[in-house]
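Visitor: Just dropping this structure here.
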Amino acid sequence: MLFELGCSALLSEPATTVNHLKAALEEPELAPELREAVTYRLAQALAHTDRMGEAAAIVAAEAKHSTNARTRLRMQAETFQWNAFRADEEDSPARSRSLARLADHLTGRGKAERYILGLRAWDAMVRGEPAETALRYAEEALEGGLPWTDDNWGFEVPVMVALVFMYCDQPGRADELFNQGIADCERKGWRGAHLSFGLTLLGYIKFHRGRLAEAEDLVHSGLRIADRVGQQIPAQWFALGILIEILLARGRIQEAQELSDTYNYGQVVPGAVVYPDSETVYSELLIARGLRTDAEERLRAVGRRLEPRGMRNPMWCPWRPLLAQTIAHTDPGEAADIAQEAVDSARRFGTPGAIGRALHAAAKVASGADSLALMAEAVRQLERSPAAYELAQALVDHGAMLSRAGLPQDAADLLMRGLESAALCGADALAARAREELAASGLRPLQLRTVDSDSLTSQEKAVAERAAQGWENKRIAEELSIKERTVELLLSGAFRKLGTDRSGLAGLLPHQTRGSGIRGVPPGR
170 MLFELGCSAL
180 LSEPATTVNH
190 LKAALEEPEL
200 APELREAVTY
210 RLAQALAHTD
220 RMGEAAAIVA
230 AEAKHSTNAR
240 TRLRMQAETF
250 QWNAFRADEE
260 DSPARSRSLA
270 RLADHLTGRG
280 KAERYILGLR
290 AWDAMVRGEP
300 AETALRYAEE
310 ALEGGLPWTD
320 DNWGFEVPVM
330 VALVFMYCDQ
340 PGRADELFNQ
350 GIADCERKGW
360 RGAHLSFGLT
370 LLGYIKFHRG
380 RLAEAEDLVH
390 SGLRIADRVG
400 QQIPAQWFAL
410 GILIEILLAR
420 GRIQEAQELS
430 DTYNYGQVVP
440 GAVVYPDSET
450 VYSELLIARG
460 LRTDAEERLR
470 AVGRRLEPRG
480 MRNPMWCPWR
490 PLLAQTIAHT
500 DPGEAADIAQ
510 EAVDSARRFG
520 TPGAIGRALH
530 AAAKVASGAD
540 SLALMAEAVR
550 QLERSPAAYE
560 LAQALVDHGA
570 MLSRAGLPQD
580 AADLLMRGLE
590 SAALCGADAL
600 AARAREELAA
610 SGLRPLQLRT
620 VDSDSLTSQE
630 KAVAERAAQG
640 WENKRIAEEL
650 SIKERTVELL
660 LSGAFRKLGT
670 DRSGLAGLLP
680 HQTRGSGIRG
690 VPPGR
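Counting from 170, one number per residue, gives the positions in the sequence shown under my numbering.
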């Protein structure tokens with residue numbers, strides 16, 4: 170009865186759940202299956218009230234004492250999970266090594282094994298191992314299914330697996346997995362923390378796809394649910410950080426500051442290291458307000474937390490690029506070194522989106538010809554990714570640089586493309602800046618050309634289908650009698666619409682229909 174009572178409160182009152190389940194676990198002579206279920210639910214409730222250390226200790230103790238092999242494996246998976254989230258974990262690299270060994274020696278593919286493979290995928294991504302390694306484990310974890318609403322298993326690992334795809338330049342795949350999971354939650358009537366996380370993180374995926382207005386709406390919904398569940402809990406912190414990041418991208422700095430003040434965001438640091446963005450996002454807000462010294466202090470603290478843990482993927486936590494830009498005016502030498510470290514880490518991870526973002530940051534702290542060369546390479550990399558908003562930023566920055574270098578015609582093309590991309594993303598401040606840069610160059614923006622945000626045009630579909638079959642761009646250009654640069658731009662549009670880089674085209678193209686390529690539709694329709 171205590172177990173059932175605790176479970177009934179889990180989605181809406183996790184703190185109450187903890188009390189009931191602790192009482193249940195203290196009852197003598199628990200049947201093994203019930204003890205396993207109580208232990209798992211108690212750990213989950215502790216984690217969702219930001220008590221990661223207690224959650225990890227509970228399942229680790231059960232793993233040691235259980236005489237059932239399947240229970241031990243399941244509790245090992247839970248221990249890996251909650252330790253990964255802890256801010257006070259003593260030896261993260263040792264955990265990563267143990268997890269890698271276990272994942273590589275699994276003989277079965279039951280649910281416990283698939284959860285361990287999912288955790289291995291997340292760990293590989295966070296550490297910045299090659300993206301193909303993280304994606305391989307993620308795909309293996311999904312074989313046989315990872316449902317969000319299994320009564321005996323958590324939704325955390327399925328969510329983490331889906332997010333691996335997002336961070337690995339395949340947000341379209343993550344989008345599909347999140348929509349399935351959210352639909353499952355709603356069918357079961359789960360409208361608490363699970364749904365809050367689902368809506369918030371789906372909004373984050375939309376943000377990574379450059380769909381800022383849609384992202385903002387989803388995260389607002391996630392935050393409203395989190396507010397009902399409790400205060401200063403992980404669901405709320407995730408929603409706040411992501412919403413602030415979206416507002417900054419849309420140029421609404423004052424609104425982001427007011428939201429931060431309302432919730433005291435940035436003053437109370439959550440204990441879960443899995444979300445260092447509580448510091449990096451607040452640092453972005455400080456930078457936007459011109460408070461660079463405070464931002465520098467926070468970003469260096471993030472680095473001191475993550476470096477010993479081997480968490481070096483700048484796509485997951487971009488503290489190095491942000492720090493480089495923060496100190497560029499006071500210490501350009503150190504800024505360049507830090508930016509180069511981020512580029513090196515991004516190249517090890519290997520996705521165009523990660524490399525393009527890091528190069529963009531490096532270009533902004535470099536000078537002269539080096540800055541122009543780095544920015545040009547950043548644009549080329551981002552064109553090969555689904556990162557629509559970051560591409561728009563790089564296009565505008567590159568255009569502005571060329572304009573100042575006395576190359577107005579080259580600048581005009583990039584600024585116009587950046588303006589169109591910013592308008593499609595809903596990045597109003599960036600679009601306004603592009604117009605200002607065009608005007609400063611003595612150029613008047615032409616009528617914006619906008620395309621349907623989801624459907625591929627016939628040309629995009631033609632080049633994407635051939636690229637998915639492994640054709641090189643030169644061969645595609647010859648086959649379709651178009652320029653190779655035209656192929657690159659058409660593929661860039663396909664990557665943005667499908668939410669993938671080249672490696673994920675084959676998996677997403679079968680779901681697409683031929684688009685109409687509508688031109689002349691006003692922005693913001």
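Beta carbons: idealized from backbone N, C-alpha and C, even for Gly.
Predicted, not measured: the structure shown is a model, and the values here were computed from it.
Asn433: buried (16+ other C-beta within 10 angstroms of its C-beta) or exposed?
Guide: Residue mapping note: residue 433 aligns to position 264 of the sequence shown, counting from 1. The residue is exposed, with fewer than 16 neighbouring Cβ atoms inside 10 Å.
Visitor: Find out if the Cβ-Cβ distance for the pair Arg478, Ile507 is shorter than 7 Å.
Guide: Sequence index remark: in the sequence shown, residue 478 carries index 309 (1-based). Sequence index remark: in the sequence shown, residue 507 carries index 338 (1-based). Contact: no.
Visitor: What are the partner residues of Tyr284, as DSSP defines its beta bridges?
Guide: Residue 284 sits at position 115 when you count from the first residue of the sequence shown. Answer is none; Tyr284 lacks a bridge partner.
Visitor: Would you give the residue range spanned by the alpha helix (DSSP H) that Gln494 belongs to?
Guide: Here residue 494 is taken as the residue at index 325 of the sequence shown, counted from 1. According to the DSSP assignment, Gln494 belongs to the alpha helix (DSSP H) that extends over Trp488 to Ile496.
Visitor: How many whole angstroms separate the CB atoms of Asp292 and Leu268, which I take to be in contact at a CB cut-off of 8 Å?
Guide: Within the sequence shown, residue 292 is the residue found at index 123, counting from 1. Within the sequence shown, residue 268 is the residue found at index 99, counting from 1. That pair is a contact at about 6 Å.
Visitor: Can you tell me where the alpha helix (DSSP H) with Ala574 in it begins and where it stops?
Guide: On the sequence shown, position 405 is the one that residue 574 refers to. Taken as a continuous stretch (DSSP letters only), Ala574 belongs to no alpha helix (DSSP H), as it is neither H nor E.
Visitor: For Ala547, which residues of its own chain have a beta-carbon under 7 Å away from its beta-carbon, when the five flanking residues on both sides are left out?
Guide: Counted from its first residue, the sequence shown places residue 547 at position 378. Same-chain partners within the cutoff: Gly525, Leu528, His529, Ala532 and Ala563.
Visitor: Output the distance between the C-alpha atoms of His389 and Thr369, rounded to the nearest integer angstrom.
Guide: As a position in the sequence shown, residue 389 is number 220, starting the count at 1. As a position in the sequence shown, residue 369 is number 200, starting the count at 1. Those two C-alpha atoms are separated by around 8 Å.
Visitor: Enumerate in chain order the residues of its own chain whose CB-to-CB distance from Pro183 is below 6 Å, with the five nearest sequence positions on each side excluded.
Guide: The count along the sequence shown starts at 1 and reaches residue 183 at position 14. Correct list, in chain order: Ala214, His217 and Thr218.
Visitor: Evaluate contact between the segment 327–338 and the segment 368–382, counting only Cβ atoms and requiring at least three cross-stretch pairs below 8 Å.
Guide: yes
Visitor: Near Phe249, what residues of its chain come up, given a Cβ to Cβ distance below 6 Å and the 5 sequence neighbours on each side ignored?
Guide: For the purposes of this step, residue 249 is taken as the residue at position 80 of the sequence shown. Excluding residues within five positions, the ones whose Cβ falls inside 6 Å are Leu268 and Leu288.
Visitor: Consult DSSP for Arg469 and reduce its assignment to one of helix, strand or coil.
Guide: The sequence position of residue 469 within the sequence shown is 300, counting from 1. Helix, per DSSP.
Visitor: Grab me the residues of Arg516's own chain with a C-beta within less than 7 Å of its C-beta, minus the 5 sequence neighbours each way, in chain order.
Guide: Position 347 of the sequence shown holds residue 516. Ile524.
Visitor: What residues in its chain sit with their C-beta under 6 Å from that of Glu448, if we drop five residues either side in the sequence?
Guide: Taking the sequence shown and counting its residues from 1, one reaches residue 448 at position 279. Within the same chain, Glu448 has close Cβ partners Arg467 and Val471.
Visitor: Looking at C-alpha atoms only, which residue of Glu559, Ala596 and Ser177 is the closest neighbour of Gly358?
Guide: Counting from 1 along the sequence shown, the entry for residue 358 is found at position 189. Ranking the options by Cα distance to Gly358, first place goes to Ser177.
Visitor: Which residue wins for smallest C-alpha separation from Ala232, given the options Pro262, Ala206, Ala404 and Gly399?
Guide: One-based indexing of the sequence shown puts residue 232 at position 63. Restricting attention to Pro262, Ala206, Ala404 and Gly399, the CA atom closest to the CA of Ala232 is found in Ala206.
Visitor: Am I right that Glu503 and Val565 are in contact with their C-beta atoms under 8 Å? What's the rounded C-beta distance?
Guide: Looking up residue 503 in the sequence shown gives position 334. Looking up residue 565 in the sequence shown gives position 396. With a Cβ gap of about 27 Å, Glu503 and Val565 do not count as contacting.
Visitor: Distance, Cα to Cα, Phe254 vs Val326?
Guide: As a first step, residue 254 must be located in the sequence shown, where it is residue number 85. As a first step, residue 326 must be located in the sequence shown, where it is residue number 157. Rounded to the nearest whole angstrom, the C-alpha separation of Phe254 and Val326 is 12 Å.
Visitor: Note the first and the last residue of the continuous alpha helix (DSSP H) segment covering Pro521.
Guide: Counting from 1 along the sequence shown, the entry for residue 521 is found at position 352. Unbroken alpha helix (DSSP H) run through Pro521: Pro521 to Val534.
Visitor: Distance, Cα to Cα, Pro487 vs Asp353?
Guide: Residue numbering aside, residue 487 sits at position 318 when the sequence shown is read from its first letter. Residue numbering aside, residue 353 sits at position 184 when the sequence shown is read from its first letter. Roughly 32 Å between the two C-alpha positions.
Visitor: Which value, in whole angstroms, describes the spacing of the CA atoms of Leu593 and Met544?
Guide: For the purposes of this step, residue 593 is taken as residue 424 along the sequence shown, with counting starting at 1. For the purposes of this step, residue 544 is taken as residue 375 along the sequence shown, with counting starting at 1. In a straight line, the C-alpha of Leu593 is about 22 Å away from that of Met544.
Visitor: Can you tell which of Glu383, Gly575, Leu455 and Met480 has its C-alpha closest to the C-alpha of Ala263?
Guide: Counted from its first residue, the sequence shown places residue 263 at position 94. Considering only alpha carbons, the answer is Met480.
Visitor: Mind checking whether Gly668 and Asp344 have CB atoms under 7 Å apart?
Guide: Within the sequence shown, numbered from 1, the residue matching residue 668 stands at position 499. Within the sequence shown, numbered from 1, the residue matching residue 344 stands at position 175. In contact: Gly668 and Asp344 (Cβ atoms closer than 7 Å).
Visitor: To the nearest angstrom, report how far apart Arg241 and Ser235 are at their CA atoms.
Guide: The residue labelled residue 241 in the question sits at position 72 within the sequence shown. The residue labelled residue 235 in the question sits at position 66 within the sequence shown. In a straight line, the C-alpha of Arg241 is about 6 Å away from that of Ser235.
Visitor: Spatial neighbours of Asp463 within its chain, please: C-beta separation below 7 Å, excluding the five flanking residues on both sides.
Guide: The count along the sequence shown starts at 1 and reaches residue 463 at position 294. Residues of the same chain with a CB within less than 7 Å of the CB of Asp463, apart from the 5 flanking positions on each side, are Leu455 in chain order.
Visitor: Within the same chain, show all residues whose beta-carbon is closer than 7 Å to that of Ala636, passing over the 5 residues directly before and after it, in chain order.
Guide: In the sequence shown, residue 636 corresponds to position 467, counting from 1. So the list reads Ile645, Leu660, Arg671 and Leu674, once near-sequence residues are dropped.
Visitor: At what residues does the alpha helix (DSSP H) containing Ser261 begin and finish?
Guide: Counting from 1 along the sequence shown, the entry for residue 261 is found at position 92. Segment Ser261 to Asp273, the alpha helix (DSSP H) holding Ser261.
Visitor: In its own chain, which residues sit with a C-beta less than 7 Å from the C-beta of Glu465, not counting the 5 before and 5 after it?
Guide: As a position in the sequence shown, residue 465 is number 296, starting the count at 1. So the qualifying residues of the chain are Leu492, Thr495 and Ile496.
Visitor: Smallest Cα separation from Glu259: which of Ser624, Ala408, Ala225 and Ala663?
Guide: The residue given as residue 259 occupies position 90 in the sequence shown. Ranking Ser624, Ala408, Ala225 and Ala663 by Cα distance to Glu259 puts Ala225 first.
Visitor: Pick helix, strand or coil for Leu599, following the three-state DSSP scheme.
Guide: The count along the sequence shown starts at 1 and reaches residue 599 at position 430. Note: Leu599 maps to helix in three-state DSSP.
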